[in-house]
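Peer 1: First, the structure itself, so that you have it in front of you.
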Amino acid sequence: MSDAAKKDTPEQAEFRAHCQQWLTENHPGQPNVHIPQGALELSDPDALQWLKQWQKSAYDAGLIGADYSKETGGRGLKDCQAIANQEMQRAKTPFFPNIIGLGMAAPTVYFHAQESVKQELLPKLLSGEHIWCQGFSEPGAGSDLANQQTFAEKKGDTWVINGHKVWTSLAHFADWMILLCRTSKDDKYNGLSYFVVPIQSMIGKGVTVNPLIKLTGETGFNEVIFEDLVVEDKYRLDEVGAGWKVAMTTLAHERGAGLLTTPSAGGMVMEKEKGAGIGNAMSLIDLAKQSYRNGKTAADDGAIRDSIMELMIRQEGFRQNQRRIGVKELNDHPMRLPLQFKLVATEMGQDIAQLAYEIEGASSSLYVNDENAAAGGQWQLAYMNSFGVTIAAGANEVQRNILGERVLNMPKSK
Amino acid sequence: MTQPKNFGFGVDEAMLRDSARKFFADNCSADKIHSQVANNFDIYRDIESIWDKNLWSQICELGWTAACVPEEAGGIGMPVVAAVALAEEAGKAAFPSPLLSTFNATFALRACKSDAATKVLGEIATGTSATLAITNQKGSWEAQDTDVTVTDGKLSGTAWFVQDAKKVERLVVSASTDNGVGLYVVDPAATGLQIIADGIIDLTRDQAHIVFNNVEAIEVAAPGNGDKALNEALPAILCITSADIVGSGEWLLQTTTDYATVRVQFDRPLGFFQAVKHPLVNVMLAVDQTKSLVYNAACAIDSEPEQAERLARMAKSSASDMAVFSSSRSVQFHGGIGFTWECFIHVFFKRQMHNHVLYGDAKYQRAKLADMLMGKAA
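Protein sequences, first through last, are from chains A and B. Residue numbering for the first sequence follows our numbering, beginning at 481 and increasing consecutively. Residue numbering for the second sequence follows our numbering, beginning at 6 and increasing consecutively.
As structure tokens, this is what we get:
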């Protein structure tokens, strides 16, 4: 029996068996299009279509939304999403394209939207038919998220929205956006409200989406400009002025510290990138054995060996932290470990990729467009992309403020 | 075999840990420990072993030394995580006692699997303290290395870096013969035995080298089995030491964040400044990573023994780095007062400095891990 299966409830055990059987019979196999490292790098519509089809089939089989109520398109089970996630990881499936929808929009809508809106939006979100994006960051509101300038003005029964959002991943494909904006200029925090707004169907009718190019050369994020976009009042989440509170639900889930487990798949490696094992410290050993340094392999170099072990220890520690979150007796402060998740995961990923870059030696100068690049140049790409996640979702400097203030009770740095 | 999700840390273990918390809160405040162990700042003071024997007998009455002695030897038979939890609390109090040494000896004796060892374990269960004398003059942490030899069942030579030597009632000594290394139990009062105290930095421990001159000994692991037993016990020993570091690290973290909240400079409490706040958060990350690794490794000893050495070396590597990091940041962020004898920080700082090297520092553990996971370097 596997570690994870050890203490399943009868409902969980039955669900796990279902997941395993379905994945054995329905794994989508290798795609005929190039799939990037993650959903936030999606730019090819064919790749999107292929991944949407995968998400739809996993949704139809119940592997997405297991813990959501039946009325909102889920299965109404208890603590089963984590089981589907484990089994999908084990089966090395592709990732889901609607990552922002599943990870951030869905729980926020679930906890804060009116019932009819939940029933309207969540089934298509979970199935991946609708792709979602997140409208939080602005040119003047990055780490200082509450400094929102995008403004929603009430006109009769509707809201009229004007403003400028940036770094909006997936907006070029998105059907819907979760939007934080200002409804009052009188109070920084209590002047914020939270909406869900249509994007694709309103392009040219108050919505403009322009691509931004990342430092890697990939597209995947955008700026979104609102000019008198009209939104129905029912798409407001929670009360007017409660936007900051609603945003905290989104951010808690984004940082892995929310109440609902995010449906998440992954582990599949593209054929030509096999052996790269991006994101896993263990794969640095093979990379070191294939790389040369000072007349020997990099795996014979004492300093490289020490650095690889250091990262493998961090990776095991991170894994064991996640396990310890579930043991109440070994947590004196309930939020201490959950709030570390984003910070630790993203810096570890960055450091693993950076060490891979170093291990590759001269070959690390080669990029994904060179056929001689080690591991297809994927480590170099992963290193550069890793800054996306150490900056996004509240830069890690902000995460350290949050931890210092909320967990260690030090004075606020503002 | 697989590990239970809760690290084997169940209701009984939590109760034991909570009772230890209460015991240390009632009896071992930092100011009390400081006034006890740091009452003489003379750098060339006489070497003494300062500890409260009365508290130690209370601990023995509470059954802590029996926790990890198997039931068939007269103990409670709790998993290794129980001893780890007690060591963590002892570290948080910087408690001077032979507790950790007695745990280490317990795990070495358990690995001997002999009747003679079982008998000594029974004594430990009723409160007899013990320590390991298994290190040579070069400070090797390898089980087969010893400067003590056995002739006709009697020990001669010197064991070095023996922890809590002046406090304990039994020594578990590794000694070599032509047929390999064996383990022997010796009474510290035995004829021909001389304990020479080391002058050490840590105020909360004592350490010594012990000279044996034809000393009577009880064989608990026959020649050829002693180093095997020590290697089997090694993961537990690494976990116990690392757990002490976790407790000590947590005390340093909490004490320094408290200070950063009350100490005002430039009209602001220190913790307002991110140059102070962010490194303290990093200390917390290091403490938590280590704590998770320690409970994971301790759990592996009972439920996944084939993984125990790898996971315990990971834990000690993380712990040793954190020992240095947590103590250095605590002194630094206490500023001028942190550099004084009067501030309690130095007691924990010195305990962490001592802990960091015991049974191998971080780089040593990583070198051993690399050999395990990557093969030896060419």
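Ideal Cβ placement from N, Cα and C applies to all residues, glycine included.
(1) Please return the same chain residues whose Cβ sits closer than 6 angstroms to the Cβ of B/V155, not counting the five positions on each side in sequence.
(2) Among residues of its own chain, excluding the 5 on either side of B/R356, which ones have a beta-carbon nearer than 6 angstroms to its beta-carbon?
(3) Reducing DSSP to helix, strand and coil, say where A/Y590 ends up.
(4) Would you mind sorting B/F344 into buried or exposed? The rule is 16 or more other CB atoms within 10 Å of its CB.
(5) How would you call A/G782, buried or exposed, if buried means at least 16 neighbouring beta carbons within 10 angstroms?
(6) Alpha carbon to alpha carbon, how far is A/T504 from A/F701? Give it in angstroms, no decimals.
(7) Does B/N360 come within less than 7 angstroms of chain A when only Cβ atoms are used?
(8) Under DSSP, the alpha helix (DSSP H) around A/G759 begins and ends at which residues?
(9) Report the three-state DSSP secondary structure of B/D57 (helix, strand or coil).
(10) Out of A/S681, A/Q517, A/Y590, A/L522, which has the shortest C-alpha to C-alpha gap to A/G856?
(11) What are the start and end residues of each continuous alpha helix (DSSP H) run of 4 or more residues lying completely inside the region 815 to 846 of chain A, in chain order?
(12) Which ranges would you report for the beta strand (DSSP E) in the region 128 to 152 of chain B if only whole runs of at least 3 residues count?
(13) Do you know offhand how far B/S102's Cα is from B/W61's?
(14) Taking 7 angstroms as the threshold (beta carbon to beta carbon), is B/Q270 in contact with chain A?
(15) Output, in chain order, the set of chain B residues within a Cβ distance shorter than 7 angstroms of A/V824.
(16) Please list, in chain order, all residues of the same chain as A/L522 whose beta carbon is under 8 angstroms from its beta carbon, the five residues on each side excluded.
(17) If we ignore side chains and look at the alpha-carbon of each, how far apart do B/G13 and B/A95 end up?
(18) Using the Cα positions of A/Y715 and A/A825, report the straight-line distance between them to the nearest angstrom.
(19) Could you tell me whether any Cβ in chain B is nearer than 7 angstroms to the Cβ of A/L767?
(20) For A/V597 versus A/Y674, is the C-beta spacing smaller than 7 angstroms?
(21) From this set, B/V42, B/C304, B/E221, which residue's C-alpha is nearest B/W346's C-alpha?
(22) Distance check for A/G757 and A/I611, CA to CA, integer angstroms please.
(23) Going by the beta-carbon positions, is the gap between A/A632 and A/C613 smaller than 7 angstroms?
(24) The alpha helix (DSSP H) spanning A/Q533 covers which residue range?
(25) For B/A265 and B/D326, which I take to be in contact (beta-carbon distance under 8 angstroms), what is that distance rounded to the nearest angstrom?
(26) Per DSSP, A/L692 forms a beta bridge with which residues?
(27) With C-beta atoms as the reference, is B/T111 less than 7 angstroms away from B/I129?
(28) To test your reading of the DSSP string, which unbroken alpha helix (DSSP H) runs of 4 or more residues are found completely within the region 301 to 348 of chain B?
(29) Smallest Cα separation from B/W165: which of B/G158, B/Q149, B/I215?
(30) Taking the alpha carbon of B/A313 as the point to measure from, which residue in B/I245, B/N301, B/D232 has its own alpha carbon closest?
(31) Taking only beta-carbon atoms, is A/D483 less than 7 angstroms away from chain B?
(32) First and last residue of the beta strand (DSSP E) that includes B/T262?
(33) Can you check DSSP and say which residues form a bridge with B/P274?
(34) By the 10 Å Cβ neighbour count, where 16 or more other Cβ atoms means buried, how is A/D526 classified, buried or exposed?
(35) Suppose the cutoff is 7 angstroms on Cβ atoms and the five residues either side in sequence are ignored; what does the same chain contact list for A/F798 look like?
(36) In the region 776 to 787 of chain A, which residues sit with their C-beta less than 8 angstroms from some C-beta in chain B, listed in chain order?
Peer 2: Short version:
(1) A180, T182
(2) A99, D207, T209, S253
(3) helix
(4) exposed
(5) exposed
(6) 34 angstroms
(7) no
(8) No alpha helix (DSSP H) contains A/G759, which DSSP labels as neither H nor E.
(9) coil
(10) A/Q517
(11) 821 to 840
(12) 135 to 138
(13) 7 angstroms
(14) no
(15) L290
(16) P516, L528, L531, P577, L650, F653, G700
(17) 20 angstroms
(18) 33 angstroms
(19) no
(20) no
(21) B/V42
(22) 28 angstroms
(23) no
(24) 525 to 540
(25) Contact doesn't hold; Cβ gap of about 22 angstroms is too wide.
(26) A/F701
(27) yes
(28) 313 to 338, 340 to 343
(29) B/I215
(30) B/N301
(31) Confidence is the limiting factor: at A/D483 the pLDDT is only 46, short of 50, which leaves the residue's position unreliable and the question unanswerable from this model.
(32) Counting along the chain, B/T262 falls outside any beta strand (DSSP E), though it belongs to the alpha helix (DSSP H) covering 231 to 267.
(33) B/V269
(34) exposed
(35) V824, A825, M828
(36) K776, T777, A779, D780, D781, G782, R785, D786
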